[in-house]
Amino acid sequence: PPPPPPPAAPPPQVDLLGDLLGDLSTAEPSSAPPPAAMMPTAPPPGVAANDLLSLLDGPVAAPMAPPLGMLAPTVGVGVAAIGAAGAGIDGGTEVAADALLKVSVVVGTDDELRTTLTLILRALSPAGLRNLSLQLEPPPTLEMSVSGPQTAEVRGSRVSMPALLAASSCALCAALVTRAPAAAAEQRLLGQLTYMEAMSAETRMLSFTLPLTPSDMLRPLKLATPQFGSLWPTHAAEKKTVAYASLEPAAYMELVSRRMHLHPVDTIGMECIASGKLVGSDHVVLVHTKLGLMAGRAVELTIRLPLRAASALTTSHICLYHQLHMLLSQAAQPF
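Per the numbering used here: the sequence shown = residues 49 to 383.
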């Protein structure tokens, strides 16, 4: 009898991941991957071994990209109240009021880590309000989206509501992300609210501003010390100054983490490094602080941002410094 036919060749294997990332499956395995870029372990000639800032400015390997998806959420309130109505909604900081209506705001963070301004409208009129229309105008450095209760009509930055019952409240939300590094400066949103009392034909108007501090637009960026060191030379837009404050490293790191929304990267001796990111962007903020100067009465702050639109960054540096300086000046007081 004739010999049996040879078995059919197996179908070719399809490597979708290899097609996306390059032909990795056919390459011969290398002996060992190169070690990760590390910060220099020895200072340059003539530099003290405990001078962390000089080490950061020393020669480093190629910059490492910051890790993706590593933004740690900050605690915010007010977002869960969106769309709710009734006397249970209250609180926040009052920004405008008259005899018939009070407007308050709560700054927080939503599930997407955007900065949120929750506006709480509370009717003070015993007859209730009607034909409410809110217009918000953000600065050009911020991008905004607005939402409201189910009864509201949202068109761009304008929200309209047919009525607000007597002694009741409702919440509207403006979610913000940054468009440029200059968003680290203090920002102000302009707001205008028009309405009528239920039994009146007179149109009333409330105008107000919604201020944002630099920390409102910052999020912690988790970096390892080598990653911080590799990013330091590429973020050359720098401001360095001395502030008067007496703090130990642990207390300082807790302060900038809780109040400035910066990630505490590392502490070496009396020097601390921290990192943050402007919300909704890839703009990284790096902060180096040397504590214990002038017999423990002063600190040296160095803030670095990306070298983009350097003239616009000047304001960001100043505002970041002023908020840090204010926090450090208050550090001896309860906060």
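Idealized CB from N, CA, C, for every residue including glycine. Note that the structure is a prediction, hence the values are computed from the model and not measured.
Review point. Are there three or more Cβ pairs, one per stretch, closer than 8 angstroms when the stretch 220-227 is compared with the stretch 191-199?
Key: Touching, per the Cβ criterion.
Check your understanding: So is V290 buried or exposed if we call it buried at 16+ other beta carbons inside 10 Å?
Key -> exposed
Check your understanding: Excluding sequence positions up to five away, which residues of its chain have a Cβ less than 7 angstroms from the Cβ of A175?
Key -> Taking A175 as the centre and dropping the five residues before and after it, the same chain places the C-beta of A214, E245, A246 and M247 closer than 7 angstroms to its C-beta, in chain order.
Review point. Going by Cα to Cα distance, which pick from E296, D330 and H373 is closest to C320?
Key: E296
Review point. For the alpha helix (DSSP H) that contains S305, what are its first and last residues?
Key: P297 to R307
Check your understanding: Who are the Cβ neighbours of C334 in its own chain at under 7 angstroms, not counting the five residues just before and after it?
Key -> One detail in the question is off: residue 334 reads as Leu in this sequence, not Cys. So the list reads F276, L279, W280, H283, S323 and R352, once near-sequence residues are dropped.
**Study point:** Rounded separation between A293 and G139 - CA only
**Key:** Put simply, the backbone Cα of A293 is about 33 angstroms away from that of G139.
Exercise for review: Would you please state the rounded distance, in angstroms, between the beta carbons of L341 and V332? I believe it to be under 8 angstroms.
Suggested key: Contact between L341 and V332 does not hold, since the beta-carbon distance rounds to 26 angstroms and is not under 8 angstroms.
Exercise for review: Would you check if the stretch 253-270 and the stretch 232-243 touch, i.e. whether three or more CB-CB distances between them fall below 8 angstroms?
Suggested key: The stretch 232-243 vs the stretch 253-270: in contact.
Check your understanding: Who are Q183's beta bridge partners in DSSP?
Key -> R206 and Q240
Review point. What's the C-alpha gap between L172 and A200?
Key: Distance between the alpha carbons of L172 and A200: 20 angstroms.
Check your understanding: If you run the structure through DSSP and keep just helix, strand and coil, what is G140?
Key -> coil
Point to revise | Boundaries of the alpha helix (DSSP H) in which M342 is found, first to last residue | key: L341 to G344
Check your understanding: Counting pairs of Cβ atoms below 8 angstroms between the stretch 203-210 and the stretch 144-155, do you hit three or more?
Key -> no
Check your understanding: Quick one: what's got a C-beta closer than 7 angstroms to S263's C-beta in the same chain, skipping five residues either side?
Key -> R307, M308, H309 and Q371
**Study point:** Nearest residue (CA-CA) to G196, options P186, C218 and P187
**Key:** If you compare the alpha carbons of P186, C218 and P187 with that of G196, the shortest gap goes to C218.
Review point. In this structure, what does DSSP give as the bridge partners for R267?
Key: K325
Point to revise | For G156, the residue or residues it bridges with in DSSP | key: T164
Point to revise | For T257, the three-state DSSP class (helix, strand or coil) | key: strand
Check your understanding: So L190 is in the beta strand (DSSP E); what residue range does that whole segment cover?
Key -> According to the DSSP assignment, L190 belongs to the beta strand (DSSP E) that extends over L190 to S195.
Exercise for review: Please name the residue, chosen from D158, S377, P312 and T226, that lies closest to P188 on a Cα-to-Cα basis.
Suggested key: T226
Point to revise | Pick from Y300, I168 and T163 that is closest to S152, judged by C-alpha positions | key: I168
**Study point:** T166 versus P186 - alpha carbon distance
**Key:** 14 angstroms
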